[in-house]
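**Student:**
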Amino acid sequence: MAKIVLNKENYFHNLEIITKQTGSKEKTAVVLKDNAYGHGLLEIASLAKEFGITKAVVRTLEEAKKIESFFEQILILAERSYSTYSHTFHIVVNTIEEIERLPENTNVHLKVDTGMHRNGITTKTLKEAILGLSSKNLNLTGVMTHYRSADELSCDFFFQRSVFNQVKKQVCEICEQLFLPIPKFHSANSSALFRFKNFDEDFARVGIAQYGYLETNPIFDNPKLKPVMSLWANKISTRTIEKNQKVGYGGKFIAKEKMEISTYDVGYGDGFLRLNGEHKYFTPKGYEVLGKVSMDNLSINSSDEEVCIFDDVKKLAEIHDTITYEITTTLMPGIKKVIK
Ligand SMILES: *Cc1c(COP(=O)(O)O)cnc(C)c1O
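Numbered continuously in full-length UniProt numbering, the sequence shown closes out at residue 340.
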C-alpha cells in the first residue's frame, strides 16, 4: 500500500526556524486544520508536542477533541455548533450574532476584519462585541485578524497591520474601562510571520511553513525550510512494451523504444491530483510518470518494488497551476503515515 513518510528531522528543522522568528515555542501555534494539511492530524500533533509546542489551531471541534491532550491551548477557527466547555479550547467568533449562541464561560477569540473582507467583525463594532461577550459571561482571551496579501509584494500587508495596531489600542482601552483582562493578540500566518522584522505579537498561527513550504514572493528573504512529507507507492505489476506501444487511458504515452514499465498503487483516488499526460513529471529518482494517472494507479519506467512519488510538491503545484497547500491537503486521510 502507498504510504506517506513524515521526516521528523525536517519537521524539527522547520520548527527551529519558526520558533526563532516568533521568539519562542510559546509564541508559536501550529495550524493543524484539514488533517494537518494532509500530513496526519495525530502524527503532526505528537511531533509538535515532542518539540515543545503548546498551542494548536484547528478548524472544527471534532479535530480539537482528537488532540486535546497534546496541547495547552487549541484555537478552533470555524465551529458553528459549539456546546462543550473545555479550558483548553478557544473558539473564534466571526460575527456579533454568534455571541448569542455560545455557552457561558467559553474562551473566545474575536476575529476582526482589517481589510480581507472574508470573516470577522468590523472595527466599528469592537465595543459592541466586547460588551456582548462580557454580558454573556464569555471570556475574551484573544483578538485576531488575517492578512489577505502577506505573500505578495504589495503595501496591503502594512495597511492591514496598521489597522490591527489601532484595533489593539482600542481593545486595550475598552478592556480597561470594563475591568477585563487584556486578551492575546495575533495576526500572522506563515508568510506574514516572516515579513515581521521584530515579531512582537503574542503568538503566530503557522501552517504551511512547518510543513516546509512558503508561497511568499521570492523577492523576500525567505527561510530555508525543508518539506516534511514524501509519498511512496508499491509496485503492482511490471511489463515490457515495444516501440510505439501506448500506455494508459487515451494512450497518451507512446514508447520511443522497447522499455520496461510498472504500475504503482497511487492514483487520484488517493488524492494525488491527476496528471493528464500533458506535462512531464519525474520522481525524485528521475523516473517518469507515463501518460495519464488513473484512479488507483500510475505507470512509471521503473521496476523497483517501492518508489518515492514526491518528496517536494513545488513542481506538482506548478504543473497543476495551484499552490503547495492544495497538493498536500488533497491527499486522503486514509493513507498510512510513517514517521522517520
Ligand atoms: C489556515 C490559517 C492559517 C495558517 O496559514 P498558513 O499560510 O498555512 O501559515 C492562519 N490563520 C488562519 C485564520 C487560517 O485560516
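In this text, a Cβ means the ideal position worked out from N, Cα and C, and glycines have one as well.
With distances taken between CB atoms, is the gap from residue 298 to residue 338 smaller than 8 Å?
**Tutor:** As a first step, residue 298 is located in the sequence shown; it is residue number 298 there, counting from the start. As a first step, residue 338 is located in the sequence shown; it is residue number 338 there, counting from the start. No; because the gap between Cβ atoms is not below 8 Å, this pair is not in contact.
**Student:** Is any heavy atom of ligand 1 found at a distance shorter than 7 Å from the C-beta of residue 90?
**Tutor:** By 1-based counting over the sequence shown, the position of residue 90 is 90. No, Cβ of residue 90 sits at least 7 Å from all heavy atoms of ligand 1.
**Student:** Mind listing which residues have their beta carbon within less than 5 Å of any non-hydrogen atom of ligand 1? Chain order is fine.
**Tutor:** Counting every residue whose Cβ lies closer than 5 Å to a heavy atom of ligand 1, we get 31, 146, 189, 190, 205, 207 and 208.
**Student:** Identify whether residue 39 lies in helix, strand or coil by the three-state DSSP scheme.
**Tutor:** Numbered from its first residue, the sequence shown carries residue 39 at position 39. Here residue 39 sits in coil by DSSP.
**Student:** Taking three-plus beta-carbon pairs below 8 Å as touching, is the region 289-296 in contact with the region 257-274?
**Tutor:** With the cut-off at 8 Å, the region 289-296 and the region 257-274 touch.
**Student:** Specify the secondary structure class of residue 262 as computed by DSSP and reduced to three states.
**Tutor:** One-based indexing of the sequence shown puts residue 262 at position 262. Reduced to three states, the DSSP call for residue 262 is strand.
**Student:** In the structure shown, what three-state DSSP assignment does residue 329 receive?
**Tutor:** Numbered from its first residue, the sequence shown carries residue 329 at position 329. Three-state DSSP puts residue 329 in a helix.
**Student:** Restricting to runs no shorter than 4 residues, where is the alpha helix (DSSP H) found entirely within the region 165-242?
**Tutor:** Fully enclosed alpha helix (DSSP H) runs of 4 or longer: 190-193.
**Student:** Given a cut-off of 8 Å on the beta-carbon distance, is the pair residue 96 and residue 82 in contact?
**Tutor:** Locating residue 96 in the sequence shown gives position 96, counting from the first residue. Locating residue 82 in the sequence shown gives position 82, counting from the first residue. It is not a contact, given that the beta carbons lie outside the stated cut-off.
**Student:** Should residue 221 be labelled buried (16 or more other beta-carbon atoms within 10 Å of its own) or exposed?
**Tutor:** Here residue 221 corresponds to residue number 221 of the sequence shown, with the count starting at 1. Flag for residue 221 reads exposed.
**Student:** As a quick exercise: from 209, 304 and 235, pick the residue whose alpha carbon is nearest that of residue 29.
**Tutor:** Counting from 1 along the sequence shown, the entry for residue 29 is found at position 29. For residue 29, the nearest C-alpha among the options comes from 209.
**Student:** For residue 306 and residue 262, what's the separation of their Cα atoms in angstroms?
**Tutor:** Sequence index remark: in the sequence shown, residue 306 carries index 306 (1-based). Sequence index remark: in the sequence shown, residue 262 carries index 262 (1-based). Their Cα atoms are separated by approximately 11 Å.
**Student:** Where does residue 132 fall in DSSP's three states?
**Tutor:** In the sequence shown, counting from the first residue as 1, residue 132 sits at position 132. Residue 132 falls in the helix class under three-state DSSP.
**Student:** Is residue 315 helix, strand or coil by DSSP?
**Tutor:** Here residue 315 is taken as the residue at index 315 of the sequence shown, counted from 1. The answer is helix: DSSP assigns residue 315 an H, G or I state.
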